[in-house]
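Numbering (the numbering used here), first residue to last: 459 to 788.
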């Protein structure tokens, strides 16, 4: 009950007959059987983007009573809903017993497909409902990437962040879109697990760290489509630093009367010392918020240049020591 070719040989008193051997017999499929559940309408591809290019695919498979594929059968497809067929609606089954219909659409919605076999409706799997779905629309200016936080310290801990906002082909925020961010220049690490999926607002956010000061550019895709608006997004990582001004004026006017370290980043101060030209210690503190008012033992020091030394650790617990000169001017 299986179609195919059978090869037959024969012997006479144990001696093979060679002439005409082997003899081949072909068993062919019987007539199509609509009652066989294997004669059916099958959805091979579904949920295509409604972009006029992506395809939903529906296939009719035709067998005989024994389940053998039946070729050269006339199948006529019909469908309701907004779609365009990629070929004729009347198709002849191939050697596998299959006839295929490919559909595209630019309209979001469901398309219902039925089929007849030589004029008789195929009941199994009918109707086959395929869906054309919304998709990310990079051409819409509302699909973009944007910097959320910037100027993080380059200490491998502080983060900059970038957000992708995705709308669909109908202009609505699109949840569930798969977003992948890529660093295109600069030295940084994306610490957010990728790919991301947009939330109910159509947003996906990544966070980046770096151990090197400088600019980093980032691009993104949504469901494989390049997001061009706002791309590339540029963030800056800044160097952690501590320094002291070159001049201060302790004249009691309330402006620039006290000199203290200026910190860019995180700094644990061991000491901030001020020395005169003879190397005498005039001021010391381990409090980053405290500074020198120009006095030593209550006496204002003369207008001249003084040396400062700073020792401490940065946010990575690395030892930092700096020194320089500052002028006292009244």
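Yeah, the Cβ is synthetic: ideal placement off N, Cα and C, and Gly gets one too.
Are the CB atoms of residue 593 and residue 508 within a distance shorter than 8 Å?
Reading the chain shown from its first residue, position 50 is the one you call residue 508. Reading the chain shown from its first residue, position 135 is the one you call residue 593. Here residue 508 is near residue 593, since their CB atoms are less than 8 Å apart.
If I measure Cβ to Cβ from residue 591 and keep anything under 8 Å in the same chain, skipping five residues before and after, which residues do I get?
Counting from 1 along the chain shown, the entry for residue 591 is found at position 133. Cβ neighbours of residue 591 beyond the five flanking positions: 505, 506, 507, 508, 566.
Is it buried or exposed for residue 661, if we count other Cβ within 10 angstroms and need 16 for buried?
As a first step, residue 661 must be located in the chain shown, where it is residue number 203. Buried, because 16 or more other Cβ atoms sit within 10 Å of the Cβ of residue 661.
Of the residues 640, 710, 709, 651, which one's Cα is nearest the Cα of residue 676?
For this step, residue 676 is matched to residue 218 along the chain shown. Nearest C-alpha to residue 676: 640.
Whether residue 497 touches residue 533 by CB criterion (8 Å):
The residue you call residue 497 lines up with position 39 of the chain shown. The residue you call residue 533 lines up with position 75 of the chain shown. No; because the gap between Cβ atoms is not below 8 Å, this pair is not in contact.
Distance, residue 732 Cα to residue 750 Cα:
Sequence index remark: in the chain shown, residue 750 carries index 292 (1-based). Sequence index remark: in the chain shown, residue 732 carries index 274 (1-based). About 8 Å.
Write down every uninterrupted run of the beta strand (DSSP E) in the region 689-757 whose length is 3 residues or greater and which is fully enclosed by it, in chain order.
691-696, 699-701, 720-722, 725-733, 739-743
Proximity below 8 Å, CB of residue 560 to CB of residue 545:
Counted from its first residue, the chain shown places residue 560 at position 102. Counted from its first residue, the chain shown places residue 545 at position 87. Contact flag set, yes.
If you follow the beta strand (DSSP E) that residue 783 is in, where does it begin and where does it stop?
For the purposes of this step, residue 783 is taken as the residue at position 325 of the chain shown. Its beta strand (DSSP E) spans residues 777-786.
Between the Cα of residue 784 and those of 761, 607, 658, 468, spot the shortest distance and give me the residue it belongs to.
For the purposes of this step, residue 784 is taken as the residue at position 326 of the chain shown. The shortest C-alpha separation from residue 784 is found at 761.
Hey, out of 632, 663, 619, 627, whose CA is closest to residue 646's CA?
Here residue 646 corresponds to residue number 188 of the chain shown, with the count starting at 1. Nearest option by C-alpha distance: 619.
Below 8 Å between beta carbons: does that hold for residue 694 and residue 725?
The residue you call residue 694 lines up with position 236 of the chain shown. The residue you call residue 725 lines up with position 267 of the chain shown. Taking 8 Å as the Cβ cut-off, residue 694 and residue 725 do not qualify as a contacting pair.
When DSSP labels each residue in this structure, what does residue 657 get in the three-state scheme?
On the chain shown, residue 657 is found 199 positions in, with the first residue counted as 1. Annotated three-state conformation of residue 657 is coil, per DSSP.
Of all the options 572, 758, 637, 635, which has the alpha carbon lying nearest to the alpha carbon of residue 710?
Stepping through the chain shown from its first residue, residue 710 is reached at position 252. The residue with the shortest Cα to Cα distance from residue 710 is 758.
Taking the beta carbon of residue 478 as the centre, do at least 16 other beta carbons fall within 10 Å, making it buried, or is it exposed?
As a first step, residue 478 is located in the chain shown; it is residue number 20 there, counting from the start. The residue in question, residue 478, is exposed, as its Cβ has fewer than 16 Cβ neighbours within 10 Å.
Which residues mark the beginning and the end of the beta strand (DSSP E) in which residue 767 is found?
Sequence index remark: in the chain shown, residue 767 carries index 309 (1-based). 763-772 is the span of the beta strand (DSSP E), which, as asked, contains residue 767.
Whole runs of the beta strand (DSSP E) within the region 480-531, excluding any shorter than 3 residues
For the region 480-531, whole beta strand (DSSP E) runs of length 3 or above, ordered along the chain, are 481-485, 498-503, 514-519.
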